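Encoded as structure tokens, the structure appears first; notes follow it.
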Amino acid sequence: MAKDSVRITFLGGLGEIGRNCLAIEQDGRIVVVDAGLMFPEPTMYGVDLILPDFTWLLERRDRVDAIVLTHGHEDHTGALRYLVTNVNVPIYGSQLTLGFARHRLTEARVAKDLTFIEVEDGERRRIGPFEVEFIPVTHSVPSANALAFSTKVGLIVHSGDFKLDLTPIDGRRTDVSRLAALGDEGVALLLCDSTNAEEPGFTASERSVGSALRRVFLERPDRRMVVACFASHIHRVQQIIDVALEQNRKIALMGRSMESNVKLARKLNLLHVDAAHFIDVENISRYAPGEVCVICTGSQGEPLAALSKLSRGDQRFMKVSDEDTVVLSSHPIPGNEWSVGRVIDDLHRAGTEVIHSGVEPVHASGHARQGELRMFHQLVRPRNFVPVHGEYRHMVHHRELAHSMGLSPEHTLLCEDGDQIEITPAGIRRAGQVPAGFHYIDGDAGEIDERPIEERRMLAEFGVVQITAGIDAARGTIVQPVRLSARGWFDGETDRKLLATLTEEIRGALESALREGERDDAALNKVAQRAAGRMLGQRFRRQPVVLSAVAVI
Ligand SMILES: [Zn+2]
Ligand SMILES: [Zn+2]
169 MAKDSVRITF
179 LGGLGEIGRN
189 CLAIEQDGRI
199 VVVDAGLMFP
209 EPTMYGVDLI
219 LPDFTWLLER
229 RDRVDAIVLT
239 HGHEDHTGAL
249 RYLVTNVNVP
259 IYGSQLTLGF
269 ARHRLTEARV
279 AKDLTFIEVE
289 DGERRRIGPF
299 EVEFIPVTHS
309 VPSANALAFS
319 TKVGLIVHSG
329 DFKLDLTPID
339 GRRTDVSRLA
349 ALGDEGVALL
359 LCDSTNAEEP
369 GFTASERSVG
379 SALRRVFLER
389 PDRRMVVACF
399 ASHIHRVQQI
409 IDVALEQNRK
419 IALMGRSMES
429 NVKLARKLNL
439 LHVDAAHFID
449 VENISRYAPG
459 EVCVICTGSQ
469 GEPLAALSKL
479 SRGDQRFMKV
489 SDEDTVVLSS
499 HPIPGNEWSV
509 GRVIDDLHRA
519 GTEVIHSGVE
529 PVHASGHARQ
539 GELRMFHQLV
549 RPRNFVPVHG
559 EYRHMVHHRE
569 LAHSMGLSPE
579 HTLLCEDGDQ
589 IEITPAGIRR
599 AGQVPAGFHY
609 IDGDAGEIDE
619 RPIEERRMLA
629 EFGVVQITAG
639 IDAARGTIVQ
649 PVRLSARGWF
659 DGETDRKLLA
669 TLTEEIRGAL
679 ESALREGERD
689 DAALNKVAQR
699 AAGRMLGQRF
709 RRQPVVLSAV
719 AVI
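Numbering (this note's numbering), first residue to last: 169 to 721.
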């Protein structure tokens, strides 16, 4: 690493929405920005969450000075519990960001010896080898920040997750004048949120969701209203509460994270509602439908969350019916569409009316669209640019946008997880690669690698075939005949025929190996597996997991 350079290692979030994490390094000292998780796709069977690969970071743990959090979303803080047990360094962030993070770390019983350092909006702090400034930005969680690092090669600005909402619920706008001032000073590198870089125009203000919710509520004065949204979206919760109180409804909170986040936000004076307006879920049945508003978790169709339980009739104190209107104040994260669809179906089955963002504007994104991204680039006017926080296509579109704003291609880099870049006074360049694959967490089993996931996928898609046979070593003959048993196959003519043909194929392969003098147990099992794999794959386009128990007697 050159002496007058700063190195950035992207550990996650470049190529997927989730597990955001990067390391910024100068003179051998490292500051980590965010440590997020990602939720698995439905075909990642048994996987609960996905983490960044922290190997590179752990090998350098003595050189890590701090973790800085941009905001409190899980895709930026959810992997902390796995990182801080190995890298115990101070964690910086806004009061709410740290409040959310600390709560999760306490639940995981790893918060005890950690140091949390709260920062104010606009504050500048010496963190590791850098001076770091925390710049307020609007997003779908309060108290989000962009970061400006003063480094030996100049300013490096990280946008964090943001939109340019000029009418935010708390009046805390993105500090565009500060961003412009940094632009005047000269910004060496911009790292910027790409989530909505494919979308033209501007993201609607969070306030517009309030108006839509008000209309939906006003049209249904006698119905029980159930609104699902992200528990961290305190401004959404505030607007739901405000609209409900205008109709003199009582508020019932459903879902553990909704209860704890509302409690914390009220304590920090970020959510304004009198305690007298809340009722316990147990007492809901005492109120007429038009007197209640339920705010719940589960807007992503999570099977264990409150809304899923309601949709299946599994909620102890409340059953939804044709007297209820459920509002999904959310948009499914890619991968969750199917689960959300099931929940909506089940609600319909119960006779419930369902309103989602496809029919009413009851949701607004927290991420900047092209218009806002252009504005951000114009304010910051970076010399170099790397798109972050997005799937690959989002980053491609964001880079094109940067070019259209006047940056030349040699001053932009399209990076992916694991890429390292170096910034020098001359520009940016690629500087290497580090391991950055998915790290899967499977409940109590903890971390598992790609192989079992791939096997589960094959099991799910093609089932399993078990081969048994017995070989007489002295005679070189098959004494217990080749038998196959299968799971995940259907009991019909086609599969029975296939198994019979397969049995013949394996028997032939074993006999020919025996004729050539092969007697080794492991080798004969491999012969059987290979014969089965070859035939199933090439002739029948199936790839079941093949288990072989050929015994040499
Ligand atoms: Zn994010
Ligand atoms: Zn976010």
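For glycine and all other residues, C-beta sits at the position ideal for the given N, C-alpha and C. Since the model is a prediction, treat every value here as computed from it, not as a measurement.
- For residue 305, the enclosing beta strand (DSSP E) begins and ends at 298 to 305.
- Checking the 6 Å criterion, the Cβ of residue 241 is within range of a heavy atom belonging to ligand 2.
- Taking residue 596 as reference, the option from 576, 452, 430 with the minimal CA-CA separation is 576.
- DSSP, read as helix, strand or coil, puts residue 695 in helix.
- Taking 3 residues as the shortest admissible run, the segment 400 to 449 contains the following complete beta strand (DSSP E) segments, listed from N- to C-terminal end: 418 to 422.
- Taken from the Cβ of residue 329, at least one heavy atom of ligand 2 lies inside 6 Å.
- Annotated three-state conformation of residue 610 is strand, per DSSP.
- Residue environment analysis places residue 563 among the buried positions, since at least 16 neighbouring C-beta atoms fall within 10 angstroms of its C-beta.
- Taking the Cα of residue 375 as reference, the smallest distance to any Cα among 433, 395, 307 is reached at 307.
- Residue 440 counts as exposed, since fewer than 16 other C-beta atoms from the protein chains shown sit within 10 angstroms of its C-beta.
- The beta carbon of residue 280 lies closer than 7 Å to none in the same chain, with the five residues before and after it left out.
- Looking at 629, 630, 275, 192, the one whose alpha-carbon comes closest to that of residue 428 is 275.
- In the three-state DSSP reduction, residue 628 falls in the helix class (H, G or I).
- Straight-line spacing of the CA atoms in residue 466 and residue 425 works out to 10 Å.
- In its chain, beyond the 5 residues on either side, 395, 407, 408, 411, 495, 497, 530 have a beta carbon closer than 8 Å to the beta carbon of residue 381.
- Looking only at 449, 235, 504, 508, the smallest Cα-Cα distance to residue 487 is reached by 449.
- In this chain, residue 242 is not harboured by any beta strand (DSSP E); it is covered by the alpha helix (DSSP H) spanning 242 to 245.
- Assigned with DSSP and collapsed to three states, residue 560 falls in helix.
- In this structure, residue 361 sits near residue 329, with a CB-CB distance shorter than 7 Å.
- Going by C-alpha positions, residue 491 is about 22 Å away from residue 526.
- The three-state reading of DSSP puts residue 351 in helix, counting H, G and I together.
- Shown here, residue 552 sits in a strand according to DSSP, grouped into three states.
- Looking at 321, 304, 266, 277, the one whose alpha-carbon comes closest to that of residue 590 is 321.
- Residue pairing by DSSP places residue 357 opposite 324, 552 in a beta bridge.
- Contact between residue 255 and residue 225 is confirmed by a C-beta separation of about 7 Å, below the 8 Å threshold.
- Here DSSP, grouped into helix, strand and coil, assigns residue 649 to strand.
- Bounds of the alpha helix (DSSP H) holding residue 507 are 505 to 517.
- A Cβ-Cβ contact shorter than 7 Å links residue 296 with residue 233.
- Taking the Cα positions, residue 675 is about 28 Å away from residue 625.
- Spatial neighbours of residue 720 in its own chain (CB-CB distance under 7 Å, excluding positions within 5 residues in sequence) are listed in chain order as 639, 641, 687, 689, 692.
- Residue 293 has 300 as its beta-bridge partners, per DSSP.
- Contact between the segment 611 to 624 and the segment 203 to 215 is established, with three or more Cβ pairs separated by less than 8 Å.
- The C-beta distance from residue 319 to residue 174 rounds to 5 Å, short enough to fall under 8 Å.
- When C-alpha distances from residue 717 are compared across 707, 657, 637, the shortest belongs to 637.
- According to the DSSP assignment, residue 225 belongs to the alpha helix (DSSP H) that extends over 223 to 226.
- In this structure, DSSP gives residue 342 a state outside helix and strand, which the three-state scheme calls coil.
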